[in-house]
Amino acid sequence: MLDRQVAPPVQPLASVTLPAADVFSLPNGARLHILRNEAQPVVRLQVVFKAGKWYEPAPGISLLTARMMLEGTATRTARQIADEVAFYGASLECEQGFDRATLTLYCLTRHLPKLLPLVQDVITASTFPAPELEQLKTRTIQNVRVERQKTSYLASERFSRNLYGTQYPYGNVFDEHSFARLPKSAVEAYYLSNYSLSQAEIFLCGDIPHEHEALVSELLGQPSHSSAPPAPTHLSADPVTGPTHDYVSVSDSLQASLRIGRLWPTPSHPSGHQLQVLVKVLGGYFGSRLMKNIREDKGFTYGIYSSTSPREHASSFIIGTDVNANSADAAIQEIHHELRQLQNELIPDDELQTVKNYMTGKFANEISTVFEQCDKYKSIVFFGLPLDYYSTFIEQVNHTTPQQLLALAQEYLSPTSMIEVVSGPKS
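Residue numbers (UniProt numbering): 1 to 427.
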């Protein structure tokens, strides 16, 4: 009889091999990356441009351009674009990030030939109609005003500014006045410079017949806009850290939001996988030290986390939580305690093994579909990682020792090396 009081045995995951991508250079200079999987008749096409925050000549212009991409072309209105996508049961959106902007299409395999001309039209012939542009500006400003009433948003915004500096793209904060004044001509110029297919990385994954591959190469391999690579327009070559301790006052707030962190090694660091283990032990899962101390023991919060944000030019580590305003100082002291403990004491073997099991199991779940496998492959491309980076992940995690983590904690987790921001009621 099954004894439900006894946990099932844990089977270690030995290794994982990601599928290799076929890479082609298109006539216009773009690169096409293809990952095939015939399990389901679906496909995802992503066209990735150097059009993120890193490349913008004016704050907010990359966000505005990306959100306007589906608002009309020379041959289609925004309504026609939306209706065509909906008719085929597909999804089409353009998202802007810190480094890149990505146009993403999901659809059934059999509909890809019908939707490719629409994708090409959006990339090569967007018109940025003035009424929609002004409406989008207004909506964006209103949304930011609402978000800035929240302590969590204000703490994260100030933390980024203080961590990177105001002259670094990652540290620029949203300025509604300059955003409202962005002219249509500036958006068009940014589009022509940064959304050129000749500079794109194209990722096609899923059930892909060879004739569909040829059609993608034909339509997205044509020249467009400018062949000159977009130039980063940042004013500072390196992050310049601001105040190490900062407080953002929010009138009548009952809670305080804490953000504590620092600049962090890039994923290509020789101890990159071991650093991930260290972050997980600290606050990367529900059974982490921060959760046990500050949520379960002290009852200061519903949740607290530690995580890293890898970016192409500078990565960061952050601890974040929302607490009762009266508990903010005590919560910070407990966070410092957990950081110092990792610096001074070896992690017990049973705790470390639990984290390893969690990480390897979660990793296996994260690559269960071809879309997720493609996401890992994109990281290899954009961060310049070795091709076996993820293939060796499980092995390196499983061989991580308490001594290695102690040395890394001593180097990277000193409380005195952290930027601290608190957003809460006026003190």
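Even for Gly, the Cβ is constructed at its ideal location relative to N, Cα and C.
Give the DSSP-derived three-state secondary structure of residue 322 in the structure shown.
Residue 322: strand per DSSP, three-state reduction.
8 Å contact criterion, which residue 413 and residue 347 should meet: CB distance rounded
12 Å between Cβ atoms; not a contact.
Quick one: any contact between the region 20 to 34 and the region 98 to 116, if contact means 3 or more CB pairs under 8 Å?
Short answer: they don't touch.
Cβ atoms of residue 195 and residue 49: under 7 Å apart, would you say?
Yes, the pair counts as a contact, with Cβ atoms nearer than the cut-off.
Buried or exposed for residue 245, going by 16 or more other Cβ atoms inside 10 Å?
With fewer than 16 other Cβ atoms within 10 Å, it is exposed.
Nearest neighbour of residue 112, chosen from 211, 354, 343 and 330 [CA to CA]:
Taking the Cα of residue 112 as reference, the smallest distance to any Cα among 211, 354, 343 and 330 is reached at 211.
Where residue 245 falls: helix, strand or coil (DSSP):
DSSP places residue 245 in strand when its eight states are reduced to three.
CB residue 56 to CB residue 62, shorter than 7 Å?
Between residue 56 and residue 62, the C-beta spacing is below 7 Å.
Specify the secondary structure class of residue 182 as computed by DSSP and reduced to three states.
Annotated three-state conformation of residue 182 is coil, per DSSP.
Collapsed DSSP secondary structure at residue 368 in the structure displayed:
In the structure shown, residue 368 sits in coil (DSSP, three-state: anything other than H, G, I, E or B).
Please state the DSSP three-state secondary structure of residue 145.
Annotated three-state conformation of residue 145 is helix, per DSSP.
Residue 31 vs residue 205 beta-carbon contact at 7 Å:
Not a contact, by the Cβ cut-off of 7 Å.
Between the CA atoms of residue 131 and residue 79 - distance to the nearest angstrom
If you take the alpha carbons of residue 79 and residue 131, they lie about 14 Å apart.
Count the other CB atoms, across all protein chains shown, that sit within 10 Å of the CB of residue 2; report buried if there are 16 or more and exposed otherwise.
By the neighbour-count rule (16 or more Cβ atoms within 10 Å), residue 2 is not buried but exposed.
Does the region 262 to 279 touch the region 290 to 305, meaning 3 or more C-beta pairs lie closer than 8 Å?
Between the region 290 to 305 and the region 262 to 279, the count of C-beta pairs closer than 8 Å stays below three; the two stretches do not touch.
In this structure, does DSSP put residue 363 in helix, strand or coil?
Reduced to three states, the DSSP call for residue 363 is helix.
What's the C-alpha gap between residue 410 and residue 349?
Straight-line Cα distance between these residues: approximately 19 Å.
Could you tell me whether the region 241 to 257 touches the region 137 to 154, where touching means 3 or more Cβ pairs closer than 8 Å?
Yes, they touch.
Just to confirm the assignment: which complete alpha helix (DSSP H) runs, minimum length 4, are found wholly within the UniProt domain "Peptidase M16 N-terminal" (37 to 160)?
Assignment of alpha helix (DSSP H) within the UniProt domain "Peptidase M16 N-terminal" (37 to 160), counting only whole runs of 4 or more residues, yields 61 to 68, 78 to 87, 112 to 125 and 130 to 147 in chain order.
Using three-state DSSP, classify residue 214 as helix, strand or coil.
If DSSP states are grouped into helix, strand and coil, residue 214 belongs with the helices.
Ordered along the chain, which non-local residues of its own chain (more than five positions away) have a Cβ less than 8 Å from that of residue 383?
266, 267, 268, 310 and 312, listed in sequence order.
Can residue 392 and residue 277 be called in contact, C-beta distance under 7 Å?
Taking a C-beta distance under 7 Å as the contact criterion, residue 392 and residue 277 do not qualify as a contact pair.
Go through its chain and collect everything with a Cβ distance to residue 243's Cβ below 7 Å, but skip five positions before and after it.
So the list reads 162, once near-sequence residues are dropped.
Taking the CB atoms as reference points, tell me whether residue 73 and residue 140 lie closer together than 7 Å.
Judged by beta-carbon spacing, residue 140 lies beyond the 7 Å limit of residue 73, meaning their Cβ atoms are not closer than that value.
Once DSSP output is grouped into helix, strand and coil, what is the label at residue 173?
The answer is coil: DSSP assigns residue 173 none of H, G, I, E or B.
Using only CA atoms, which one of 59, 150 and 95 lies nearest to residue 177?
When only C-alpha atoms are compared, the closest one is 59.
Inter-residue spacing [alpha-carbon to alpha-carbon] between residue 368 and residue 182:
When rounded, the distance between both Cα atoms is 43 Å.
Leaving out five residues on either side along the sequence, give the residues of the same chain with a beta carbon under 7 Å from the beta carbon of residue 328.
So the list reads 256, 258, 422 and 424, once near-sequence residues are dropped.
Is residue 334 near residue 293, with beta carbons less than 7 Å apart?
A contact, by the Cβ cut-off of 7 Å.
Residue interval of the alpha helix (DSSP H) (run including residue 297):
Looking at the DSSP string, residue 297 is not in any alpha helix (DSSP H), and its letter there is neither H nor E.
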